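These notes are about the structure you will find just below.
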Amino acid sequence: MPGRVEGKVAFITGAARGQGRSHALRLAQEGADIIAVDICGPVDGVMYPMPGPGDLAETAKEVEALDRRIVATQADVRDFEALKAAVDDGVAQLGRLDIVVANAGIGALGASLAKMDSKTWQDTIDINLTGVWLSAKAGIPHLIAGGRGGSIVLTSSVGGVKGMEGAGHYVAAKHGVIGLMRTLALEMAHHKVRVNTIMPTQVNTPMAVNEGTFRLFRPDLENPDDFAVASAMTNPLQVPWMEPVDISNAVLFLASDESRYITGLMLPVDAGSLLK
Ligand SMILES: NC(=O)c1ccc[n+]([C@@H]2O[C@H](COP(=O)([O-])OP(=O)(O)OC[C@H]3O[C@@H](n4cnc5c(N)ncnc54)[C@H](O)[C@@H]3O)[C@@H](O)[C@H]2O)c1
Numbered sequence: 383m384p385g386r387v388e389g390k391v392a393f394i395t396g397a398a399r400g401q402g403r404s405h406a407l408r409l410a411q412e413g414a415d416i417i418a419v420d421i422c423g424p425v426d427g428v429m430y431p432m433p434g435p436g437d438l439a440e441t442a443k444e445v446e447a448l449d450r451r452i453v454a455t456q457a458d459v460r461d462f463e464a465l466k467a468a469v470d471d472g473v474a475q476l477g478r479l480d481i482v483v484a485n486a487g488i489g490a491l492g493a494s495l496a497k498m499d500s501k502t503w504q505d506t507i508d509i510n511l512t513g514v515w516l517s518a519k520a521g522i523p524h525l526i527a528g529g530r531g532g533s534i535v536l537t538s539s540v541g542g543v544k545g546m547e548g549a550g551h552y553v554a555a556k557h558g559v560i561g562l563m564r565t566l567a568l569e570m571a572h573h574k575v576r577v578n579t580i581m582p583t584q585v586n587t588p589m590a591v592n593e594g595t596f597r598l599f600r601p602d603l604e605n606p607d608d609f610a611v612a613s614a615m616t617n618p619l620q621v622p623w624m625e626p627v628d629i630s631n632a633v634l635f636l637a638s639d640e641s642r643y644i645t646g647l648m649l650p651v652d653a654g655s656l657l658k
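In the numbering used here, each residue carries its 1-based index in the sequence shown increased by 382.
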């Protein structure tokens, strides 16, 4: 039986680990080849460990183990020329582009908006909002040239529709991703390119599940197990965090032709957290 995205090529940012790696593997399992990029290095203001080149190489190894091809490049989503070169090279090697998953992002240490410094604000806007636009922009000429339509999936967050104290930079960027999606969906519709947004609650990746987050959100708690209990209380389905594959399954649906008439959607994958 053919896979759900058999023969398609997907460009995925932030693919060295976490949700990005999971998206690459899930789409590869269903028959897609992958163009992957990741910064693979430290980012100012990010207090949890970032991945290195070895992590992106591991993603490549795992995709190849599924008998799919991958072109993986170290690139920063803030650098349009580097992104464009990575996508152009990937398309030259793999022959086409059908899917863009703009997933790369950071959870940089914040402060109240009254006290946040401009660099902290700007770094997050540059990666989590402008970087999402630049990633889509790098892929769009290939989607149009293919003449087969396509799917762009932008990673927002439940923070894309609600406030979060101490994370105004992140929340503003994730709200911005929704506006970006709505406009891109209109602008790309006549090319039969669909544009949608996924909005996860906490996911079990180094961004969310790390000592710094435990301390930031619950400085009153003694240990991470207590944080898991507190985290579960934000989600009516009572899980502290979801696994990356839970998001990847939603990405797969939006990337595949099963959702061929779905565009402009904000899809919460949030264990019910937005109900509260
Ligand atoms: N983990 C969560 O709880 C959660 C919840 C909602 C939304 N999100 C969003 O999901 C996306 C994926 O995050 P994750 O949970 O997998 O975290 P993660 O830290 O495991 O992965 C993020 C990846 O993006 C890469 N990246 C960061 N800045 C980059 C840049 N400038 N250029 C290229 N690559 C860069 C990182 O190196 C990393 O591999 C992010 O957009 C994040 O904001 C995460």
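Glycine included, C-beta positions come from ideal geometry on N, C-alpha and C. Values in this document were obtained by computation on a predicted structure and should not be read as measured data.
With a threshold of 6 Å on Cβ separation, who are the neighbours of residue i within its own chain once the five nearest residues in sequence on each side are excluded?
| i | result |
| --- | --- |
| residue 594 | 429, 430 |
| residue 445 | 406, 410, 416, 452 |
| residue 588 | 430 |
| residue 434 | 422 |
| residue 515 | 562 |
| residue 438 | 398, 420, 422, 454 |
| residue 640 | none |
| residue 466 | 520 |
| residue 557 | 542 |
| residue 457 | 419, 464, 465, 468 |
| residue 443 | none |
Can you tell me which of the three DSSP states residue i falls into?
| i | result |
| --- | --- |
| residue 612 | helix |
| residue 582 | strand |
| residue 649 | strand |
| residue 587 | coil |
| residue 528 | helix |
| residue 559 | helix |
| residue 518 | helix |
| residue 624 | strand |
| residue 533 | strand |
| residue 671 | Because the chain is modelled from 383 through 658, residue 671 falls outside the range shown and cannot be assessed. |
| residue 416 | strand |
| residue 644 | coil |
| residue 392 | strand |
| residue 452 | strand |
| residue 421 | coil |
| residue 481 | strand |
| residue 399 | coil |
| residue 576 | strand |
| residue 440 | helix |
| residue 430 | coil |
| residue 523 | helix |
| residue 459 | coil |
| residue 409 | helix |
| residue 489 | coil |
| residue 547 | coil |
For residue i, count neighbouring C-beta atoms within 10 Å of its own C-beta (all shown protein chains included) and say buried if the count is 16 or more, exposed if not.
| i | result |
| --- | --- |
| residue 565 | exposed |
| residue 643 | exposed |
| residue 559 | buried |
| residue 510 | buried |
| residue 611 | exposed |
| residue 601 | exposed |
| residue 527 | exposed |
| residue 657 | exposed |
| residue 652 | buried |
| residue 524 | buried |
| residue 383 | exposed |
| residue 485 | buried |
| residue 578 | buried |
| residue 496 | exposed |
| residue 436 | exposed |
Just to confirm, is the Cβ distance from residue i to residue j under 9 Å?
| i | j | result |
| --- | --- | --- |
| residue 648 | residue 545 | no |
| residue 550 | residue 492 | yes |
| residue 637 | residue 533 | yes |
| residue 547 | residue 494 | yes |
| residue 567 | residue 646 | yes |
| residue 395 | residue 459 | yes |
| residue 393 | residue 521 | yes |
| residue 540 | residue 650 | yes |
| residue 390 | residue 478 | yes |
| residue 480 | residue 633 | no |
| residue 616 | residue 555 | no |
| residue 450 | residue 413 | yes |
| residue 483 | residue 535 | yes |
| residue 576 | residue 531 | yes |
In chain order, what residues of the same chain have a beta carbon less than 7 Å from the beta carbon of residue i, not counting five sequence neighbours either side?
| i | result |
| --- | --- |
| residue 623 | 584, 585, 586, 590, 591, 613 |
| residue 403 | 397, 441 |
| residue 621 | 614, 653 |
Going by beta carbon distance, what residues of the same chain come within less than 8 Å of residue i, once the five residues before and after it are set aside?
| i | result |
| --- | --- |
| residue 502 | 427, 490, 491, 492, 493, 551 |
| residue 603 | 596, 609, 612 |
| residue 448 | 407, 410, 411 |
Take every Cβ of the stretch 569-582, pair it with every Cβ of the stretch 624-643, and state whether three or more of those distances are shorter than 8 Å.
yes
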